[in-house]
Amino acid sequence: TRKTTYYVSQGRAIRRMVALYAPIEDLIAENDRRCEDIDGNSTLEQNRLQRGYIELAKILPWLHEKLANLDSEESEDMLRKLRRGADSARGDDTGTLKELVASWVNIECNPNPLIRTNDKHHRGFANDASGKLLCPAEWCWEDPIVRAGIRDRTATFIVSENSWPSFLYETYKADANNLERGLFKSKLLLTTLQGFKAIFTSPSSANEVDADGDGADVIENNRRARKRSDQAKVKTCVRFALSNITSWRTVDGDFDYQIFWDNIIDFFEDPPGPAAQARVKALLEWWTRKVFGRNHRDDLTLNVISQMSVNTMAAQRQEMEDAVFD
47 TRKTTYYVSQ GRAIRRMVAL YAPIEDLIAE NDRRCEDIDG NSTLEQNRLQ RGYIELAKIL
107 PWLHEKLANL DSEESEDMLR KLRRGADSAR GDDTGTLKEL VASWVNIECN PNPLIRTNDK
167 HHRGFANDAS GKLLCPAEWC WEDPIVRAGI RDRTATFIVS ENSWPSFLYE TYKADANNLE
227 RGLFKSKLLL TTLQGFKAIF TSPSSANEVD ADGDGADVIE NNRRARKRSD QAKVKTCVRF
287 ALSNITSWRT VDGDFDYQIF WDNIIDFFED PPGPAAQARV KALLEWWTRK VFGRNHRDDL
347 TLNVISQMSV NTMAAQRQEM EDAVFD
C-alpha cells in the first residue's frame, strides 16, 4: 500500500543517519524512560540511545506525534515497516561498498593478485593488501611474526574492536605517543569519501572527488550522517568491505562491529574535555571540506563584489561612455 511504501522509504534513513545497530524501539523506550525518570541518572549506553532518539526525531519529525495518536497494534506495524526500510538500506549500502572498496584498494595498494570486486573470500587477513589495512594500529603488518600471529589467530595477536585498524590513519600508521594524530584521515578514507557519496547519493556522484557542493556542515546541516554517525557508518562499512565475511553480522571472529561503531561514535560525541572537543570540531570541518567543498557566498560582501570583473568592467564601460561626451 501507499502507507507501507512511505514508511519503508522513510525508514531507509535510520541506519544511515541515526544508528547502525540500535533498534528503533530501544531509542523510543529510552526517551520515554527519561520522561518518567525524575532522578535523571543514565548509563553510557542509555546516553547513546538518547542521542540516537534525538537524531531520529530530527530525521522523522512526525514520528513522535504519530506514535502518540496510534494504538499499540498500529504503532508496532509502523515501526516494523520503518525497520524493514532501515535494514534494507544497510544491506544496499554494504553491497555497494563491497565492490567500490575493492576497486579503490586495487588502485591505492596495487595488490598482486588484484582483489576481486565480486568476491570477498580472498580479502581479510589472507590478503596482504587488505590485511595491512585491517591490522591493528599498534602492530606492524610488515613484521612476519605479526602477520603469522594474526592469521593463526594466536592469543598474542587478538584482532578486536579495542584496536583502531590501520586503514583509519593518515599514513596507515599510528603515532604510539599520540594515537589521535592522523586518526580518520587516511588516504583510503578520503577516497572512500566517494563511498560516503555512494551511500547517500549514487555511485556515479562518488567519482566527484573534489566536490564543489554547498559545503553544508556534516554536523549541523547535512543529516546524511547523524553528525558523527555518518562517519562511523562509513568507517564501519569500509571495515566490513575489507574483511572476508560474506554477509552482514555483528561479530567477525573476535571483532565486534557494534562496539566498533560505539567506539567511533564515542570518539566524536563524548570527548574528555573542551580541548578534545575543539579537535573533534576541526576534524569534522576538515571532513566537510573534503566531502562537500565549501560555499563562500556569505563572504561575497558588496566591497568584494565591487572588485570583481563584472562590476569592474561595468565601471570601465561607464567611464568610457562618459569620456565620449566630455
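Position in the sequence shown (from 1) plus 46 gives the number in this note's numbering. Glycine is no exception: its CB is placed at the ideal position from the N, C-alpha and C atoms.
DSSP on residue 301, reduced to helix/strand/coil?
strand
I'd like to know whether the C-beta atoms of residue 132 and residue 60 end up nearer to each other than 7 Å.
yes
Here's the rule I'm using: 16 or more other beta-carbon atoms within 10 Å means buried, otherwise exposed. How should residue 368 be labelled?
exposed
Mind checking residue 178: buried by the 16 CB within 10 Å criterion, or exposed?
buried
Considering only residues of the same chain and omitting the five flanking positions on each side of residue 118, which have a CB-CB separation below 8 Å?
none
Backbone CA spacing between residue 109 and residue 102 [nearest angstrom]
Approximately 8 Å, taken between the alpha carbons.
Rounding to the nearest angstrom, what Cα-Cα distance links residue 170 and residue 289 in this structure?
Going from the Cα of residue 170 to the Cα of residue 289 covers about 4 Å.
Using CA coordinates, which residue listed in 181, 159, 144 is at the minimum distance from residue 165?
144
Could you compute how far the alpha carbon of residue 76 sits from the alpha carbon of residue 352?
If you take the alpha carbons of residue 76 and residue 352, they lie about 55 Å apart.
Look at residue 67 and residue 304 and say whether their C-beta atoms are less than 7 Å apart.
yes
Is residue 53 helix, strand or coil by DSSP?
helix
Run through DSSP, which three-state label would residue 85 get?
coil
Quick one: grab the DSSP three-state call for residue 271.
Reliability of the predicted coordinates at residue 271 is poor, the pLDDT of 40 falling under 50, and no value is obtained from them.
Environment of residue 356 [buried if 16+ CB atoms lie within 10 Å]
exposed
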